[in-house]
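As given, the protein sequences belong to chains A and B, one line each in that order.
The first sequence begins at 1 in the numbering used here and counts up one residue at a time.
The second sequence begins at 1001 in the numbering used here and counts up one residue at a time.
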Amino acid sequence: MSRIAIIGVGHSKFGKRSDASLRELAFEAYSSALDDADIESSRIDGSVVCSATHYDKQRSPAGVVAEYLGLNPQPTFNIEAACASSAVGLRTAWALVSSKLHNVIAVVGVQKMTELSNEEIQELMGRAGDVMWESPFGTTMPAYYAMYATAHMAKYGTTEEQMALVPVKNRKYGSKNPNAMFQKPITIEEVLKSRPISAPLKLFDCCANADGAACLIVTNAEKARKLTDRPVWVAGLGLASSPMSLAERKGPMTSFEVTKNAAKAAYKMARISPNDVDVAEVHDSFSITEILNYEDLGFAKPGGGTRLLEKGETELGGKIPVNVDGGLISKGHPVGATGASQLFALAKQLRGEAGSTQVDGAKIGVAQNIGGIGMYSAVTILRA
Amino acid sequence: MGFEKFGRFGYVSQTKINPLLSYLEKGQIAATKCEKCGRTYFPPRADCLDDRHSALEWVVLDGKSNLVTFTKVFFAPPAFQPETPYLLGLAELSNGLRVFAPISASVEEKQLKPGKEMNLKAAKGARDNLFYWLE
């Protein structure tokens, strides 16, 4: 199989970026990725712009993003897979470069959400469910994940206190990430006392809507060796789909089949097992999601996710540190940028540049990125 | 008025499975069944997945079901805010198919737990909108 590398990564500050437009956010991430790769913009022969475009005021944002980054007349287009857009963007870049159709691709994940009110966003997110059979009953993104939480609590005895350990852990690490939206730690009590959003999920169990961008520069092995002495290799790519409507999913609703399928494909391609993973970024859109992801990625047995948290195994110094950049819960969730932000964090870890949250000797990293209410899931394995 | 009459607040107006509304109007829950292979679909589909046959007949369901999971929504999309908080559930019907539906306000939340026996019943809203819910 062809070897494809990430040779540069960039990240804007995430949060309520009332100081910047969509194109300007994209520029921040792109420009810092070029600096990181130490290459000129003229090297980029195509751009893959990843965004859940219904949250942006701009229609078909690839057009304006490519223009503002100075990437005309090279090919550009949008990739949309809801919250998994930029993980799918990397998969797309992998195919474009592997096929030799392109040499160096910029994957730009970007989202400008806060120009919409929370209610408008909530309405749009409700329609991320099946618009014929579920949205007409008032679904929301938290409601779907809350239903998984209810089922997990009933089957495994998971408690709200255990779920609160996720935001407490992630906000602790978020306080060390200058790009994060929230940089203040929180306590279990604060999580438990926060207002109900969709029971059993409360405000601090949920990630926040945000603006932001992250960028990956992707190329082939030959170019990577010429251009950098610290490539990060794409070792495994797993992507799967699941029925969008909850009613079409099987089983007790305590795991995401879609993630298990994506993980299986990624581990197989990388020829590794979950035990080989040194550091992970998982999609903590909600506290319960991180717990299910531990189990679906094989870090814990079904129902064993909370135990991993209680034993501190997903903390720095634990068996498998997870979301030590703060996760979506600290960084905020600019939908189209989140997947690239996870890969940014992994690349830094694998290059030994993660500073105070560095996992010692990290050689293999896994990123897991869920799209929407779980109709897409991408699992990406990177190697130093 | 088309299919946007379905639900508390419908989004889709045009579909091939409009007859569902007539059944709901009569207080019945109906599924579609492939004339060729006999596979039943609920929510109804116009096209059979197994043999791509598209002449499906309507069959009435009894509505007996068991709750799989549920949530209580406090923060809702604008169109649903006047009704907050409200309960949403996922239930398995006696034929093994599942349904995503609101849970009737008459059901006590404390009684709810996965596995609980429920009934899927046709319902009518204040704007003559038609839907079903779990009781």
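Quick reminder that beta carbons are idealized off the backbone N, C-alpha and C, glycines included.
Values in this document were obtained by computation on a predicted structure and should not be read as measured data.
Cβ shell of residue i (< 6 angstroms), same chain only, five flanking positions each side left out
i                   : result
Gly-327 of chain A  : Asn-170, Asp-284
Val-324 of chain A  : Tyr-173, Leu-316, Thr-357
Met-253 of chain A  : Tyr-148, Ala-151
Leu-309 of chain A  : Leu-165
Tyr-294 of chain A  : Ala-300, Gly-305, Leu-308
Ala-1076 of chain B : Thr-1084
Cys-1037 of chain B : Asp-1050, Asp-1051
Beta-bridge partners of residue i, as assigned by DSSP
i                   : result
Gly-46 of chain A   : A:Ile-105
Lys-1033 of chain B : B:Thr-1040, B:Glu-1057
Met-1118 of chain B : B:Ser-1065
Thr-219 of chain A  : A:Ala-5, A:Val-104
Cys-206 of chain A  : A:Phe-286
Cys-1048 of chain B : Answer by DSSP bridge pairing: none, since Cys-1048 of chain B is not bridged.
Pro-196 of chain A  : A:Lys-202
Val-1073 of chain B : A:Ser-198, B:Tyr-1086
Ala-240 of chain A  : A:Ser-377
Member of the options whose CA lies at the smallest distance from the CA of residue i
i                  : options                                        : result
Val-258 of chain A : A:Ala-37, A:Ala-84, A:Gln-162, A:Thr-150       : A:Ala-84
Val-335 of chain A : A:Gly-10, A:Gly-15, A:Val-9, A:Arg-3           : A:Gly-15
Ala-37 of chain A  : A:Val-379, A:Ala-367, A:Phe-344                : A:Phe-344
Cys-215 of chain A : A:Ala-5, A:Leu-22, A:Phe-182, A:Val-9          : A:Val-9
Tyr-55 of chain A  : A:Arg-230, A:Lys-112, A:Asn-103                : A:Lys-112
Tyr-262 of chain A : A:Gly-157, A:Glu-313, A:Thr-380                : The residue asked about is misnamed: residue 262 of chain A is Ala in this sequence, not Tyr. The option with the nearest alpha carbon to Ala-262 of chain A is A:Thr-380.
Ala-266 of chain A : A:Ser-98, A:Asp-296, A:Gly-352, A:Ser-117      : A:Asp-296
Lys-279 of chain A : A:Thr-140, A:Ala-337, A:Ile-320                : As written in the sequence, residue 279 of chain A is Val, which differs from the Lys given in the question. Closest option to Val-279 of chain A, Cα to Cα, is A:Ile-320.
Val-366 of chain A : A:His-11, A:Lys-226, A:Tyr-145, A:Trp-233      : A:Trp-233
Asp-130 of chain A : B:Pro-1043, B:Gly-1038, B:Leu-1021, B:Lys-1033 : B:Pro-1043
Tyr-156 of chain A : B:Pro-1114, B:Ser-1106, B:Phe-1100             : B:Pro-1114
Asn-369 of chain A : A:Ser-241, A:Ala-221, A:Ala-26                 : A:Ser-241
Pro-231 of chain A : A:Leu-350, A:Val-359, A:Ile-121, A:Glu-290     : A:Leu-350
Neighbour list for residue i in chain B, Cβ cutoff strictly below 8 angstroms
i                  : result
Leu-246 of chain A : Leu-1090, Arg-1098, Phe-1100
Trp-133 of chain A : Pro-1043, Phe-1100
Glu-313 of chain A : Near Glu-313 of chain A there are no residues of chain B at all, since even the closest Cβ is about 27 angstroms away, more than 8 angstroms.
Ala-143 of chain A : Thr-1071, Val-1073, Leu-1088
Glu-257 of chain A : Result: empty, since nearest Cβ-Cβ is about 14 angstroms, beyond 8 angstroms.
Glu-123 of chain A : Pro-1077, Pro-1078, Ala-1079
Interface residues of chain B facing residue i [CB-CB closer than 7 angstroms]
i                  : result
Gln-183 of chain A : Result: empty, since nearest Cβ-Cβ is about 24 angstroms, beyond 7 angstroms.
Ala-146 of chain A : Thr-1071
Thr-140 of chain A : Val-1073, Phe-1075, Ala-1076, Pro-1077
Gly-126 of chain A : Pro-1077
Glu-189 of chain A : Per Cβ cutoff of 7 angstroms: no residues; Glu-189 of chain A is ~20 angstroms from chain B at best.
Glu-222 of chain A : Chain B residues near Glu-222 of chain A: none, gap ~46 angstroms exceeds 7 angstroms.
Residues of its chain near residue i, where Cβ-Cβ distance is below 7 angstroms and the 5 sequence neighbours each way are ignored
i                   : result
Ala-1079 of chain B : Phe-1009
Gly-107 of chain A  : The question names Gly, but residue 107 of chain A is Val in the sequence shown. Only Val-48, Cys-50, Ser-86, Gly-89, Leu-90, Ala-93, Cys-215, Leu-216, Val-218, Ala-340 meet the Cβ criterion.
Glu-1117 of chain B : Asn-1066
Leu-116 of chain A  : Tyr-55
Ile-186 of chain A  : Pro-167, Val-168, Arg-171, Phe-204
Leu-124 of chain A  : His-54, Tyr-55
Neighbour list for residue i in chain A, Cβ cutoff strictly below 8 angstroms
i                   : result
Val-1068 of chain B : Ala-151, Pro-252, Met-253
Lys-1113 of chain B : Ala-154
Tyr-1086 of chain B : Gly-138
Contact set between residue i and chain B, taken where Cβ atoms lie within less than 9 angstroms
i                  : result
Pro-136 of chain A : Glu-1004, Phe-1006, Gly-1007, Arg-1008, Phe-1009, Gly-1010, Tyr-1011, Val-1012, Asn-1129, Phe-1131
Ile-197 of chain A : Val-1073, Phe-1074, Phe-1075
Residue i beta carbon near the ligand MG (any heavy atom closer than 7 angstroms)
i                  : result
Ile-291 of chain A : Although the ligand MG was asked about, the structure shown includes no ligands whatsoever.
Residues of its chain near residue i, where Cβ-Cβ distance is below 8 angstroms and the 5 sequence neighbours each way are ignored
i                   : result
Arg-1039 of chain B : Lys-1033, Cys-1048, Leu-1049, Asp-1050
Asn-1119 of chain B : Gly-1063, Lys-1064, Ser-1065, Leu-1134, Glu-1135
Glu-40 of chain A   : Leu-34
(request) Report yes or no: do the segment 1037-1051 of chain B and the segment 1065-1083 of chain B share at least 3 C-beta pairs separated by less than 8 angstroms? (result) no
(message) Using a Cβ distance threshold of 8 angstroms, determine whether the segment 1017-1033 of chain B contacts the segment 1056-1065 of chain B, with at least three qualifying pairs required.
(response) Yes, since at least three Cβ pairs between the segment 1017-1033 of chain B and the segment 1056-1065 of chain B fall closer than 8 angstroms, the two stretches touch.
(request) Answer yes if the segment 175-194 of chain A comes into contact with the segment 159-167 of chain A, meaning at least three C-beta pairs across the two stretches below 8 angstroms, and no otherwise. (result) yes
(message) Closer than 8 angstroms is the cut-off here; do at least three beta carbon pairs connect the segment 38-55 of chain A with the segment 72-86 of chain A?
(response) Because the criterion of three Cβ pairs below 8 angstroms is met, the segment 38-55 of chain A and the segment 72-86 of chain A touch.
(message) Using 8 angstroms as the cut-off, can you tell me whether the segment 1002-1019 of chain B makes contact with the segment 131-150 of chain A, which would need three or more C-beta pairs spanning the two stretches below that distance?
(response) Yes: the two stretches touch, three or more of their Cβ pairs being nearer than 8 angstroms.
(message) Check whether the segment 58-73 of chain A and the segment 21-33 of chain A touch, using three or more Cβ-Cβ pairs below 8 angstroms as the test.
(response) yes
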